[in-house]
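Novice:
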Amino acid sequence: MKNICSPVFLFIFLCLAGISHFLSAQNSSYDFLKAYPVKTPDVLDSVRTNDPRPTLFLTDQQKKALHLDQIFQNDSAGLASVYLAFQVKLPYSFHSIVFRYFHGENEIFSILVNYSENYQVVDQQQLSFHNDQRNNFKGEGTILKDRIIIYQHNENRTSYLFYLFAPDGKMPQRVYKSIFHLINEGSVLDQRIVSARSGLNIRDSLGNKIGKFNFADAVFILEYSKDSTMIIDEGKQIWGRKAMVILDYEEYIDHLVVPSRDFEKGYVFEGFLYKSSKHHLHSNAERPEEGHPLYYYYSTQVSVSRTNYPMASIDIKEFMEIEKVNLGDYRRKILASETLEKEKYQLGNNSQFTLNFSNGTSRTFKDTTYEHSEYSPTNYYRQIPNPKLYGYYVIYNPFFEDSHVFILDKKNGEKAYTFEDYPFVSPNRKIAISLKVPYTYDDGTAAMEVVEMNKGKFRLRVMAQFINWNIPNDRQIYWLSDREFILRVKKVEAAYSNEEDAEFFYLKFRLRE
């Protein structure tokens, strides 16, 4: 019997053979991809213009097969310089390839392209970049199983861009978060400053010493123990909890971005950390109203070193007590007072002077005027008297809108200390108080620097900027003891406003030991 279906079977066979040949031919056209590395998540992609150049370049036919002309349709320079960096193996049916390309000699970029199973472009996203002429401006990308994360670094600030993978390879969801958002949303860190002058030991969970924080270091705490313990230090009882701390802050940030990543932890004793302020601008606390117990304490910054940690705060009550008083109630208790009219040493025409020191050396100070400057002079020096600092020359040195006061040892000319402004010295030369109004076009904040003096040594005790009161141009201080004094202050107002109608009052300060 004849097979009447044979022509049909023949037709089907020929069709299948044709399709098979087509697929085989298509797959063979992408065999060149086998020469390029394949990476699996997590993949960090970072580029620099001086990275080694590739040795394996794409041909025009390969670029066409990968539809790079479509990707770079408005960028002929990028198309000319593009090369395949590596492939990424993701748990999806689409293909992912990272390309790099140049713009001139100073800029390099990388781009992630997702392709369908038959290498049609599904979506693309710039992954990393670097500008050789702007080293503080760069981007890095990390490819995870379900997303890419782009880190954009610009002038000490890092931002994050999240692109989530859809099953077909598209990256439709974009979420922008700054580093501060990640910290606030990803944790409830308590940020403290080390108070121990000799440093603070770090221990592991078994109590073994594994490191040390230095005085004034910022410490980021994950959690505290429920119970407090007491230790004896130099005859004093000190109470505190056991605090779990982060040892590598960058690792912790990576953990917030990618929770699967681990970070190093340790333990410290809380008793050697300054208390943190709850009323601090960086903690988004509400500014207290007049009459509130913290009204005169409220500060924008409290620090114990010249290094500022914007995410950590110290409670100013650790260092001093502040209260509004009537000066008349303390007249009989005043041991010494001083009034400084700042204009007397801010101005003058002595453009050059020489100081002689006991060891036979000398030093000449000369005003400097920069050509075509708006200010004349732009940098000048004035010697100002300070009877309490009889072993030192006191030099006032403004530079544009900044200024400071430094003291030179009369014996050898060495710089003993640099104050924020003129130092008021306590009756027995134990403490120096420097008061300043920082230049600002917003509220004029009062800056106070407390310096401890001991046998010719000067040590910064605390610096603070207060926000609810200000320092008048004519400074007045009344010493009740070496650690207690009264200041004449005024209600806060714009820094450059007229003082004729200002409301003045008195604040008493008592420095803690």
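Residue numbers for the sequence shown follow my numbering, beginning at 495 and rising by one. Positions of the beta carbon are idealized from the N, C-alpha and C atoms, including for glycine.
What three-state label does DSSP hand E783 in the structure shown?
Specialist: coil
Novice: Looking only at its chain, what residues have a beta carbon closer than 6 Å to the beta carbon of T858, apart from the 5 residues adjacent to it on each side?
Specialist: T848
Novice: Measure the beta-carbon distance from A910 to T801 and round it to whole angstroms, keeping in mind my assumption that it falls under 8 Å.
Specialist: Not a contact, Cβ separation roughly 21 Å.
Novice: Based on DSSP bridge pairs, tell me the residues matched to K528.
Specialist: K528 pairs with nothing; no bridge assigned.
Novice: Can you give me the Cβ contacts of L508 inside the same chain, cut-off strictly under 7 Å, excluding the 5 residues immediately before and after it?
Specialist: For L508, the predicted structure reports a pLDDT of 44, less than 50, and the residue's modelled location is therefore unreliable. A value from the coordinates is still provided. Excluding positions up to five away in sequence, the list is empty.
Novice: Would you decide whether S920 is buried or exposed? Buried here means 16 or more other CB atoms lie within 10 Å of its CB.
Specialist: buried
Novice: Measuring straight from C-alpha to C-alpha, what distance separates L638 and I644?
Specialist: 11 Å
Novice: Which residue's Cα is closest to the Cα of Y790: F551, H561, F1003, Y657?
Specialist: Closest option to Y790, Cα to Cα, is F1003.
Novice: Name, in chain order, the residues that DSSP records as bridge partners for S622.
Specialist: Beta-bridge partners of S622 (DSSP): S604.
Novice: Report the option in R977, T636, V931 whose CA atom is closest to the CA atom of N922.
Specialist: R977
Novice: Specify, as a first and last residue, the run of the alpha helix (DSSP H) that I828 falls within.
Specialist: Looking at the DSSP string, I828 is not in any alpha helix (DSSP H), and its letter there is neither H nor E.
Novice: In three-state DSSP terms, what is H647?
Specialist: Strand at H647.
Novice: Leaving out five residues before and five after Y890 in sequence, what residues of the same chain have Cβ atoms less than 6 Å from its Cβ?
Specialist: Y839, R876, I878, V899
Novice: Spatial neighbours of Q618 within its chain, please: C-beta separation below 8 Å, excluding the five flanking residues on both sides.
Specialist: I565, I605, L606, V607, N608
Novice: On a Cα-Cα basis, can you pick out the residue from S845, L767, S540 that is closest to G633?
Specialist: S540
Novice: Measuring CB atoms only, is the stretch 659-666 touching the stretch 724-744, in the sense that at least three cross pairs come out at less than 8 Å?
Specialist: no
Novice: Classify Q877 as helix, strand or coil using the three-state DSSP reduction.
Specialist: In this structure, DSSP gives Q877 an extended state, which the three-state scheme calls strand.
Novice: Just curious, the alpha helix (DSSP H) that I961 is in, first and last residue?
Specialist: Note, I961: premise wrong, no alpha helix (DSSP H); not H, not E.
Novice: What residue range does the alpha helix (DSSP H) around E744 cover?
Specialist: 743-751
Novice: On the CB-based measure, 16 or more other CB atoms within 10 Å of its CB, does F979 come out buried or exposed?
Specialist: buried
Novice: Once the 5 residues before and after L775 are set aside, which same chain residues still bring their CB inside 6 Å of it?
Specialist: Its pLDDT being 48, under 50, L775 is placed unreliably by the model, and nothing is read from it.
Novice: According to DSSP, is I808 helix, strand or coil?
Specialist: coil
Novice: Using the Cα positions of V798 and T723, report the straight-line distance between them to the nearest angstrom.
Specialist: Here the alpha carbons of T723 and V798 stand approximately 26 Å from one another.
Novice: With DSSP collapsed to three states, give me the class of A996.
Specialist: Three-state DSSP puts A996 in coil, outside helix and strand.
Novice: By how many angstroms is the C-alpha of L562 removed from the C-alpha of V616?
Specialist: 12 Å
Novice: Return the residue from the list D995, G572, F813 that minimises the CA-CA distance to K769.
Specialist: F813
Novice: So is E943 in contact with chain B if we call contact Cβ pairs under 9 Å?
Specialist: Absent from the structure: chain B. Only one protein chain is present.
Novice: Can you give the Cα-Cα distance for S852 and E908, rounded to whole angstroms?
Specialist: 12 Å
Novice: Would you mind sorting V819 into buried or exposed? The rule is 16 or more other CB atoms within 10 Å of its CB.
Specialist: exposed
Novice: For a quick check, are the C-beta atoms of V688 and N708 less than 9 Å apart?
Specialist: yes
Novice: Does the distance from the CB of H589 to the CB of S610 come in under 9 Å?
Specialist: In this structure, H589 lies near S610, with their beta-carbon atoms less than 9 Å apart.
Novice: Go ahead and label E783 buried or exposed: buried means 16 or more other beta carbons lie within 10 angstroms of its beta carbon, across all protein chains shown.
Specialist: exposed
Novice: Is the beta carbon of I961 closer than 9 Å to that of R781?
Specialist: yes
Novice: Taking the alpha carbon of G905 as the reference point, which residue from E1007, S856, R982, S575 has its own alpha carbon closest?
Specialist: Looking at the sequence itself, residue 905 is Lys, so the reference to Gly does not match. Nearest option by C-alpha distance: S856.
Novice: Consult DSSP for K557 and reduce its assignment to one of helix, strand or coil.
Specialist: helix
Novice: So what does DSSP say about L683, is it helix, strand or coil?
Specialist: coil
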